[in-house]
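A.B. asks: One structure follows; several queries about it will come next.
Residue numbers (this note's numbering): 5 to 119.
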């Protein structure tokens, strides 16, 4: 391999490495910056919390109103759910982590979208 080809290959790898590092640090900055809004997904973030921590009581088989087994029911009671969760009144006999509470509160504050 001649000098020119080695130089080009080295330069390419150097540029590729710098690009990769800059992408990684940019993602880390976004994750650490609380001012960057990341939309909370009902399907992948909120529903799993509700299914795991709420529907054992708040379902037709659980017998406690409101029913929280589907998006329409949760959306209809979103503000109430937010307040009760944020005040740590729900779930009764258990607690949600700060991250779970923030997820639900943020989702409601973002308009309780079906996303």
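Ideal placement from N, C-alpha and C gives every residue a C-beta, glycine not left out. Treat the numbers as computed from the prediction; the structure is a model and nothing was measured.
Leaving out five residues before and five after residue 68 in sequence, what residues of the same chain have Cβ atoms less than 7 Å from its Cβ?
C.D. replies: Hits under 7 Å: 61 and 62.
A.B. asks: Taking just the CA atoms, how far does residue 42 sit from residue 30?
C.D. replies: Its pLDDT being 49, under 50, residue 30 is placed unreliably by the model, and the measurement read from it follows with that caveat. Their Cα atoms are separated by approximately 15 Å.
A.B. asks: By Cβ distance below 7 Å, which residues in the same chain neighbour residue 9 in space, the five residues on each side in sequence not counted?
C.D. replies: Excluding sequence neighbours, residue 9 sits near nothing in its chain.
A.B. asks: Might you give, ordered along the chain, the residues of its own chain that have their beta carbon closer than 7 Å to the beta carbon of residue 64, omitting 5 neighbours on each side?
C.D. replies: Taken in chain order, the residues that qualify are 71.
A.B. asks: What three-state label does DSSP hand residue 52 in the structure shown?
C.D. replies: In the structure shown, residue 52 sits in a helix (DSSP, three-state: H, G or I).
A.B. asks: Quick one: give me the first and last residue of the alpha helix (DSSP H) that residue 103 is part of.
C.D. replies: Residues 102–113.
A.B. asks: Could you give the residue range of the alpha helix (DSSP H) that holds residue 88?
C.D. replies: Counting along the chain, the alpha helix (DSSP H) containing residue 88 begins and ends at 82–90.
A.B. asks: Just the C-alpha distance for residue 104 and residue 19, rounded to the nearest angstrom, thanks.
C.D. replies: Computed Cα separation, rounded: 40 Å.
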